[in-house]
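Colleague: The numbering used here puts the sequence shown at residues 11 to 144.
Even glycine gets a Cβ: it sits at the ideal position worked out from N, Cα and C.
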Amino acid sequence: MNNNPYQRYKNNSILTASKPELTLMLYDGALKFCNIAIKAIEEKNIQGAHNAIIRVQDIIQEFQITLNREYEISETFDFMYDYIIRRLIEANATKNKEILEEVKGLIKEFRDAWKEAMKAAKTKPVDNEEKVSE
């Protein structure tokens, strides 16, 4: 059993989060691991950089795998996720932090757009037809 209150809180947050909140957490995690990789490169910690880049890659691949292909926009997301993965592979091979900064910027844009979509979904007015059927 984990006695660390922060870790218990974090685990509980994940277990009780909605799907949109989990997606946001994954974007935040990808950004966190980008920062860890950049710091590891600066400190010449090759293995640490590799491990962090692989974590980012795993998160982006999960987004790519779980895309809902019924929507046209999924093609754009797929293309962008593929681009990010290719850049991560290059960053891992060369330990180039500038590439990671680029990737971090792209992930931040996705994350910020996702946050806005979550806000819009919460404030979306319910039309009369939905009210009547409740």
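Tell me whether the beta-carbon of Ile70 lies closer than 8 Å to the beta-carbon of Ile109.
Modeller: Sequence index remark: in the sequence shown, residue 70 carries index 60 (1-based). Sequence index remark: in the sequence shown, residue 109 carries index 99 (1-based). No; because the gap between Cβ atoms is not below 8 Å, this pair is not in contact.
Colleague: Nearest-angstrom Cα distance between Thr33 and Ala130?
Modeller: Mapped onto the sequence shown, residue 33 falls at position 23. Mapped onto the sequence shown, residue 130 falls at position 120. Each residue's Cα considered, the two are about 16 Å apart.
Colleague: Quick one: using the 10 Å Cβ neighbour count with 16 as the cut-off for buried, is Tyr91 buried or exposed?
Modeller: Reading the sequence shown from its first residue, position 81 is the one you call residue 91. The residue in question, Tyr91, is buried, as its Cβ has 16 or more Cβ neighbours within 10 Å.
Colleague: What is the DSSP secondary structure of Tyr81, reduced to helix, strand or coil?
Modeller: Counting from one through the sequence shown, the residue named residue 81 turns up at place 71. Here Tyr81 sits in coil by DSSP.
Colleague: Assign Ile75 to buried or exposed, taking buried as 16 or more other Cβ atoms, counted over all protein chains shown, within 10 Å of its Cβ.
Modeller: Position 65 of the sequence shown holds residue 75. Counting Cβ neighbours within 10 Å, Ile75 comes out exposed, since fewer than 16 surround it.
Colleague: Considering only C-alpha positions, which residue in the set Glu80, Asn55, Asp38, Ile51 is nearest to Lys125?
Modeller: Looking up residue 125 in the sequence shown gives position 115. The candidate whose alpha carbon is nearest that of Lys125 is Asp38.
Colleague: Return the CA-CA distance between Thr133 and Ala103, expressed in angstroms with no decimal places.
Modeller: Mapped onto the sequence shown, residue 133 falls at position 123. Mapped onto the sequence shown, residue 103 falls at position 93. Roughly 44 Å separates the two Cα atoms.
Colleague: Using CA atoms only, rank isn't needed, just tell me which of Lys105, Lys49, Gly115, Asn13 is closest to Tyr93.
Modeller: Residue mapping note: residue 93 aligns to position 83 of the sequence shown, counting from 1. The shortest C-alpha separation from Tyr93 is found at Gly115.
Colleague: What are the boundary residues of the alpha helix (DSSP H) that includes Lys29?
Modeller: Here residue 29 refers to the residue found at position 19 when the sequence shown is read from its first residue. Its alpha helix (DSSP H) spans residues 29-52.
Colleague: Taking Asn106 as the reference, give the member of Lys42, Glu52, Leu41, Leu36 with the closest Cα.
Modeller: For the purposes of this step, residue 106 is taken as the residue at position 96 of the sequence shown. Taking only the C-alpha atoms, the option nearest Asn106 is Glu52.
Colleague: Just how far apart, CA to CA, sit Gly83 and Arg65?
Modeller: Residue numbering aside, residue 83 sits at position 73 when the sequence shown is read from its first letter. Residue numbering aside, residue 65 sits at position 55 when the sequence shown is read from its first letter. Position check: residue 83 holds Ile in this sequence, whereas Gly was assumed. One C-alpha to the other measures close to 25 Å.
Colleague: Whole angstroms are fine: how far does the CA of Ala127 sit from the CA of Ala48?
Modeller: Taking the sequence shown and counting its residues from 1, one reaches residue 48 at position 38. Taking the sequence shown and counting its residues from 1, one reaches residue 127 at position 117. According to the sequence shown, residue 48 is Ile rather than Ala. Taking the straight line from one Cα to the other gives about 29 Å.
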